[in-house]
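Student: First the structure, which I've put down as structure tokens, then a few questions once you've had a look.
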Amino acid sequence: MKRRYWIGLLLGLLPAVLCGQEDKVYTSLAQVKDPSQVYHLQLRHRRLREIPPEVWRMPNLQVLDLRGNRIAMLPDSVGRLVHLQRLDLSRNPLTFLPDSLSRLSELRELVLWDTYVTALPPDCAALDGSLELLDLRSCPLTLDDQTVLTRMLPTVKKLWDYACNCSD
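One rule links them: number in this note's numbering = place in the sequence shown (from 1) + 1.
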């Protein structure tokens, strides 16, 4: 009876071992032994000016949380993260996003709260079927910016403040 119990227990754990630790949140690149086993990377408030190149070598990354850094540019290589489901770039001095963002067909949440982003690349209209949430609160969006985003992504839930009276 004991032997059957242990075999059952080990077989139950085998998928988690083979598939990596999908629920583990890595908070430092020093913790990463095998980039293919990283599913959730959280590098908040690290004063990063750019995204570390090691990130682009994480083929199974699903959640990338970079909020509260000093990242001014999202490189085109973000398109490599094809399994990304949540991207949080809040409180970074970003002004625009690369076209390769449209390749993230599994992206469900794009959080750009308190950035300077006012538009998405036109190709991002392809995300309308997968993207569920676009958070642009505290971004300097005009009413025209909001209208363009609403037409581009009609099925996506959008969070934003009232349109500012900004002039371009």
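Even glycine gets a Cβ: it sits at the ideal position worked out from N, Cα and C.
Everything numeric in this text was worked out from a predicted model, so none of it was measured.
Along the chain, where does the alpha helix (DSSP H) containing Q147 start, and where does it finish?
Tutor: Numbered from 1 along the sequence shown, position 146 holds the residue referred to as residue 147. It spans L144 to M153 - the alpha helix (DSSP H) in which Q147 sits, taken as one unbroken run.
Student: According to DSSP, D66 sits in a beta bridge with which residue or residues?
Tutor: For the purposes of this step, residue 66 is taken as the residue at position 65 of the sequence shown. For D66, which the question treats as bridged, DSSP gives the partners Q43 and D89.
Student: Would you kindly work out how many angstroms separate the C-alpha atoms of E133 and A31, rounded to a whole number?
Tutor: Counting from one through the sequence shown, the residue named residue 133 turns up at place 132. Counting from one through the sequence shown, the residue named residue 31 turns up at place 30. Rounded to whole angstroms, E133 to A31 spans 32 Å at the Cα level.
Student: Given a cut-off of 8 Å on the beta-carbon distance, is the pair P56 and L42 in contact?
Tutor: Start at 1 with the first residue of the sequence shown, and residue 56 comes out as number 55. Start at 1 with the first residue of the sequence shown, and residue 42 comes out as number 41. Correcting the residue identity first, residue 56 is Val in this sequence and not Pro. Yes.
Student: Looking at C-alpha atoms only, which residue of L62, L85, P123 and P94 is the closest neighbour of R68?
Tutor: Taking the first residue of the sequence shown as 1, we reach residue 68 at position 67. If we check each option's Cα against that of R68, P94 comes out closest.
Student: Work out the CA separation of P53 and D35 for me, nearest whole Å.
Tutor: Here residue 35 refers to the residue found at position 34 when the sequence shown is read from its first residue. Here residue 53 refers to the residue found at position 52 when the sequence shown is read from its first residue. Roughly 16 Å between the two C-alpha positions.
Student: T156 by DSSP, collapsed to three states: which one?
Tutor: As a first step, residue 156 must be located in the sequence shown, where it is residue number 155. Here T156 sits in coil by DSSP.
Student: Starting from the Cα of Q38, find the closest Cα among K25, T156, L44 and R48 and give me that residue.
Tutor: As a working note, residue 38 is residue 37 in the sequence shown. Comparing Cα-Cα distances from Q38 to each of K25, T156, L44 and R48, the minimum goes to K25.
Student: Should T148 be labelled buried (16 or more other beta-carbon atoms within 10 Å of its own) or exposed?
Tutor: As a first step, residue 148 is located in the sequence shown; it is residue number 147 there, counting from the start. Its Cβ having fewer than 16 others within 10 Å, T148 is exposed.
Student: Sorted by chain position, which residues of the same chain lie with C-beta nearer than 8 Å to L49's C-beta, five sequence neighbours on each side aside?
Tutor: On the sequence shown, residue 49 is found 48 positions in, with the first residue counted as 1. L67, N70, R71 and I72, listed in sequence order.
Student: Ordered along the chain, which non-local residues of its own chain (more than five positions away) have a Cβ less than 8 Å from that of R58?
Tutor: Along the sequence shown, one-based indexing puts residue 58 at 57. Once the five neighbours on either side are set aside, the close Cβ partners of R58 are P36.
Student: Between R45 and V64, which are expected to be in contact by the criterion C-beta below 8 Å, what is the C-beta distance as a whole number of angstroms?
Tutor: As a first step, residue 45 is located in the sequence shown; it is residue number 44 there, counting from the start. As a first step, residue 64 is located in the sequence shown; it is residue number 63 there, counting from the start. That belief does not hold up - the Cβ atoms of R45 and V64 are roughly 12 Å apart, past 8 Å.
Student: Is the separation between the beta-carbon of L142 and that of L111 shorter than 8 Å?
Tutor: Your numbering for residue 142 matches position 141 in the sequence shown. Your numbering for residue 111 matches position 110 in the sequence shown. No, the pair does not count as a contact, with Cβ atoms beyond the cut-off.
Student: Can you grab the Cα-Cα spacing for the pair R81 / D162, in whole Å?
Tutor: For this step, residue 81 is matched to residue 80 along the sequence shown. For this step, residue 162 is matched to residue 161 along the sequence shown. Between R81 and D162, the C-alpha separation is close to 31 Å.
Student: What would DSSP say about D136, mapped onto helix, strand or coil?
Tutor: In the sequence shown, counting from the first residue as 1, residue 136 sits at position 135. D136: strand per DSSP, three-state reduction.
Student: List the residues that DSSP assigns as beta-bridge partners of Y163.
Tutor: As a working note, residue 163 is residue 162 in the sequence shown. Paired residues: none, contrary to the question.
Student: Between S101 and A126, what straight-line distance do the alpha-carbon atoms span, to the nearest angstrom?
Tutor: Against the sequence shown, residue 101 aligns to sequence position 100. Against the sequence shown, residue 126 aligns to sequence position 125. One C-alpha to the other measures close to 12 Å.
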